[in-house]
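One structure is given here, and the rest of the page talks about it.
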C-alpha cells in the first residue's frame with residue numbers, strides 16, 4: 008500500500024505547488040468564486056480523462072475522445088434539448104458504439120491507435136452534421152446542475168472529488184474493475200481462467216463511452232452552447248492527465264484518483280500561465296514544459312524506488 | 010460456503026480423471042498419441058520427459074484447455090456434468106487447477122485481487138475480505154512464514170514470491186474444491202527451503218484425498234513426492250509405474266538420455282589455465298579470463314542484482330559498441346529475453362547485427378547463415394527460422410537466447426538463471442558448449458538456482474542477503490559447502 012501512496016504523492020504535490028503559485032500571483036483566486044472559476048472547466052476534462060483511463064487500462068489508447076466528447080456535446084445541445092427521448096437514445100447508441108469498437112479491435116486484432124484515429128474523424132463528421140455552426144442550448148436541468156452553488160465548497164471542487172471517488176470505487180474496489188485491470192495486466196491469465204476477453208474489453212470501452220458522454224454533457228452545461236470542435240484538445244489532455252496521475256501506457260497500471268488530479272493540474276496550468284501574462288502563443292509549449300517537468304520528477308522518484 | 014469436503018466425500022483411489030486412448034494433433038504434428046491414464050484421488054503423479062515430449066499437451070488435455078482430436082477424457086468428480094459443456098468448464102467444475110510454467114498472475118493487481126481471476130463465481134458482496142482471508146489461509150497452509158502481504162502488488166514481489174502466490178491460489182478454497190492440482194515446474198524459481206514446504210504440502214494434500222500432477226526437471230523432487238511416475242517420450246506415455254519401482258538411472262534412461270559418466274573427471278580436465286582478471290565488482294565478485302564463475306545461494310539473495318549491475322556498468326553507453334564487452338542471457342525469458350513479435354531468426358541475430366552490417370545495413374545472407382549455423386550447433390527444434398519465436402517450446406526459446414549471446418564476440422557472458430524449465434538433454438549440451446567457449450578464453454558469470462549447474466563452475470560465490478558469504482574453488486565446490494554457506498549466516502544472525 009505504501010508504494011501506491013508514493014505513486015499518488017507526486018500528482019498531489021504538483022497540483023499543490025501549482026495551486027500555491029496561482030494563489031501567490033492572484034490572491035483573489037483564493038475564494039469560493041475564484042476556485043469555481045479556476046476549476047469548473049476541469050469537470051469535463053476530468054470526465055474525459057476517466058474515459059481515456061478505461062482504454063489505457065486495457066492497454067489500448069483512444070485518439071477519438073476529443074471528437075467523441077464534441078459529438079456528445081453537440082447531441083446534448085440539440086437533440087437532448089429539443090427531443091429528449093431521441094437525444095438520450097443517440098447517446099446510448101454512442102456508448103454501444105464504443106463497446107462495439109472495443110470488441111472489434113480485439114476480435115480482429117487491430118491496433119487501437121489506428122481504429123480510434125479513424126473513429127475520431129467519424130465522430131467529428133457526425134458532430135459537424137448535427138451542428139454545422141456553433142450554437143444550441145443545454146437542457147435546463149443540466150444548466151441548473153452545472154451552475155449549482157452548494158454552500159462552503161464550490162461545485163468545481165465537489166464534482167472532481169465525486170468523479171474520482173466513483174471511478175476509484177468502480178476500478179479499484181469492485182470485482183468487475185479488478186477483472187478489467189487484469190485484462191491490462193495479463194490478458195492470457197484471464198483467458199485461461201475462462202473469462203470472455205471480448206466481453207471485458209467491450210465493457211471497458213462502454214464505460215469509457217459513458218464517461219465521454221458525461222464529459223460532453225458537462226461541457227454543454229458549463230458553456231451553454233456547443234460546437235463541433237469544442238473538445239478537440241481533450242484527446243491529448245486526457246492522455247496527459249492519466250499519465251500525470253501515475254498511470255502507465257501498458258500493464259493496466261492506472262490510478263483514478265491520480266488521473267483526476269492530473270486533469271485538475273493540467274487545467275490549472277493553463278490558468279497559471281494566463282496569470283503570468285504569457286502570450287497565448289506560448290501557452291501550449293509552456294503547458295508541455297510543465298508536463299515534462301512533472302514526468303521527469305516521476306521518473307526520478309521511481310528510479311529511486313527501484314534502487315531502494 | 011459449504012462445498013463437500015474432499016477428505017470425507019472422496020474415498021482414496023476413486024478416479025478423478027480418466028484418459029482413454031487420447032490423441033492430440035496440431036495439423037500434421039502428433040503431439041500426443043494413444044495416452045491412457047487414470048488419475049486417482051490421493052495420488053501424486055510425477056510427470057517427466059524432456060521438452061517436446063508432450064507433457065504440456067498432456068496436461069492441457071487433462072485440464073480441458075485442449076479438446077483431444079481422438080479418444081475421451083472423463084472427469085468423475087461428482088460435480089462434473091458429462092454432457093455437452095466445454096471441456097474446460099467440465100474440468101473446472103471437477104476441481105482441476107493448473108499452475109503453469111510461465112507465470113500467470115496479473116502484476117498490476119494485488120495478491121488478493123489475483124484470486125478473483127480464477128474464481129469466477131466469487132460472491133460480489135464483501136469479496137475483498139473473502140479473498141484476503143482465502144489467499145492468506147492458502148499461503149499459510151502451503152508456505153508457513155511466507156511473509157507476503159495480501160495487499161502487496163504482485164509486480165512488487167520477487168519472482169519466487171510470485172510463484173508462491175500462484176501455487177497458493179491453485180490450492181485455495183473456492184466454489185469447486187481442488188481435487189487435482191497440476192504443477193508445471195513449480196519449484197523452478199523457489200529456493201530449497203521453500204521448495205521443501207511445497208513438497209510437504211503436496212504430501213498433506215494427497216493424504217487428504219487430493220491428486221497432484223507434478224512436473225519437474227529436478228528428479229530428486231519427483232522421487233521424493235510422487236507416488237507414481239509417468240515418463241513421456243515423443244508424445245507417448247513411455248512408462249507409468251510406482252515410484253518405488255524406479256531408480257534414478259531407470260528414469261533418465263526411460264526419458265531417452267544416457268546417464269553421463271565421469272562428469273567430474275571430464276570437467277577437471279577441461280579446466281585450462283586462466284587468464285588475467287577481467288572483472289571485479291565492489292561486492293568482491295571477480296572473474297578471470299576463461300573462467301566460469303558461479304553465483305550460488307538461495308534464490309533472490311542479490312545474485313540477479315549483482316549481475317544486472319555488472320552488466321549495466323559495462324554496457325550502458327550513449328554509443329553502442331561494435332564489439333560489446335558483455336552479453337546477457339536472460340532467465341525470465343518473457344520479461345527480458347524474447348522479442349515476442351519477431352521471428353526466431355531475428356531474435357537470434359539481435360546481439361550480433363553490428364558484426365555483419367555495413368554502413369548500418371544488415372547483411373541478410375550473413376545473418377541467415379549465422380542463424381543456420383547456430384540452429385545446428387545448439388539444436389533448435391524448428392521447421393523454419395522465420396517462424397515466430399513464440400511457436401517454439403520454452404526450452405527451445407531459451408536455446409535461441411543462448412545462441413544470441415554465444416554468437417556474439419563479447420568476451421564476457423552474463424547468465425541470469427538461464428536454465429529455468431530446460432530439459433536435461435539441452436542442459437548437458439549447453440554445459441558442454443559453455444565449457445568449450447570458456448576454453449577459448451571467454452568468461453562466464455552464471456547465476457543458477459540449481460546445484461548441478463553450479464558444480465560445473467570453476468569458482469563459486471555464494472550469496473546471502475545481497476552479500477557474498479563464501480568463495481569456493483576447485484574441490485571445495487560441493488553441494489554441502491554451498492548449502493552451508495547459504496544457511497550458516499542465517500543462524501548466526503538470529
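Protein chains in written order, with the numbering used here: chain D, 8 to 315; chain Y, 10 to 503. Every residue, glycine too, gets a C-beta built ideally from N, C-alpha and C. If you're wondering where the values come from, they're calculated on a predicted model, not measured in any experiment.
Of all Cβ atoms in chain D, is any one closer than 8 Å to the Cβ of residue i?
i             : result
residue 136/Y : yes
residue 468/Y : no
residue 300/Y : no
residue 291/Y : no
residue 310/Y : no
residue 125/Y : yes
residue 52/Y  : no
residue 98/Y  : yes
residue 167/Y : no
residue 122/Y : yes
residue 400/Y : no
residue 129/Y : yes
According to DSSP, simplified to helix, strand and coil, what is residue i?
i             : result
residue 474/Y : coil
residue 436/Y : helix
residue 287/Y : strand
residue 29/Y  : strand
residue 119/Y : strand
residue 161/Y : coil
residue 291/D : helix
residue 37/D  : coil
residue 274/Y : Low confidence applies here, because residue 274/Y scores a pLDDT of 40, under 50, leaving its location unreliable and the question unanswered by this model.
residue 7/D   : For residue 7/D there is no data in the structure shown, the boundaries of chain D being 8 and 315.
residue 466/Y : coil
residue 67/D  : coil
residue 84/Y  : strand
residue 369/Y : coil
residue 455/Y : strand
What does the alpha-carbon distance come out to for the pair residue i and residue j?
i             : j             : result
residue 187/D : residue 61/D  : 9 Å
residue 309/D : residue 250/D : 14 Å
residue 49/Y  : residue 195/Y : 21 Å
residue 246/D : residue 306/D : 17 Å
residue 291/D : residue 234/D : 21 Å
residue 179/D : residue 251/Y : 49 Å
residue 470/Y : residue 452/Y : 15 Å
residue 460/Y : residue 488/Y : 6 Å
residue 348/Y : residue 256/Y : 41 Å
residue 258/Y : residue 246/Y : 18 Å
residue 172/Y : residue 458/Y : 14 Å
residue 323/Y : residue 268/D : 41 Å
residue 39/D  : residue 80/D  : 27 Å
residue 76/Y  : residue 399/Y : 21 Å
residue 122/Y : residue 140/D : 49 Å
residue 117/D : residue 148/Y : 40 Å
residue 195/D : residue 203/D : 11 Å
residue 374/D : residue 248/D : Nothing can be reported for residue 374/D, as the shown portion of chain D is limited to 8 through 315.
If you measure from the beta carbon of residue i to each beta carbon in chain Y, is any gap under 8 Å?
i             : result
residue 43/D  : no
residue 260/D : yes
Leaving out the 5 sequence neighbours to the left and right, which residues in its chain are closer than 6 Å to residue i when beta-carbon positions are compared?
i             : result
residue 106/D : 209, 212 and 213
residue 106/Y : 179, 187 and 190
residue 183/Y : 128
residue 412/Y : 357, 383 and 387
residue 184/D : 177 and 178
residue 427/Y : 338 and 340
residue 181/Y : 143 and 147
Whose C-beta lies closer than 8 Å to the C-beta of residue i among residues of the same chain, with five residues either side of it excluded?
i             : result
residue 440/Y : 462 and 465
Just to confirm my understanding: we take residue i, look at its own chain, exclude 5 residues before and 5 after, and list those with CB closer than 7 Å. What are they?
i             : result
residue 126/D : 71 and 108
**Request:** Compile a chain-ordered list of the residues in the region 168 to 187 of chain D whose CB is closer than 7 Å to at least one CB of chain Y.
**Result:** Going along the region 168 to 187 of chain D in chain order, one finds 182, 185 and 186 with a Cβ nearer than 7 Å to chain Y.
**Asked** Residues in the region 131 to 155 of chain Y with C-beta within 7 Å of chain D's C-beta atoms, listed in sequence order?
**Response** Listed by position along the chain: 131, 133 and 136.
**Residues in the region 334 to 348 of chain Y having any Cβ partner in chain D nearer than 9 Å** = Nothing from the region 334 to 348 of chain Y brings a Cβ to less than 9 Å from some Cβ of chain D.
**Message:** Output needed in chain order: residues of the region 190 to 203 of chain D with a Cβ under 8 Å from some Cβ in chain Y.
**Reply:** Answer in chain order: 191, 192, 193, 195, 196, 197, 199, 200, 201 and 202.
**Request:** Return the residues of the region 176 to 204 of chain Y that lie within a Cβ-Cβ distance of less than 9 Å from chain D, sorted by chain order.
**Result:** Within the region 176 to 204 of chain Y, no residue has a Cβ that lies closer than 9 Å to any Cβ of chain D.
**Item:** the region 105 to 120 of chain Y: positions lying closer than 7 Å to chain D by Cβ
**Value:** Per Cβ criterion, the list reads 113, 114, 115, 116, 117 and 118.
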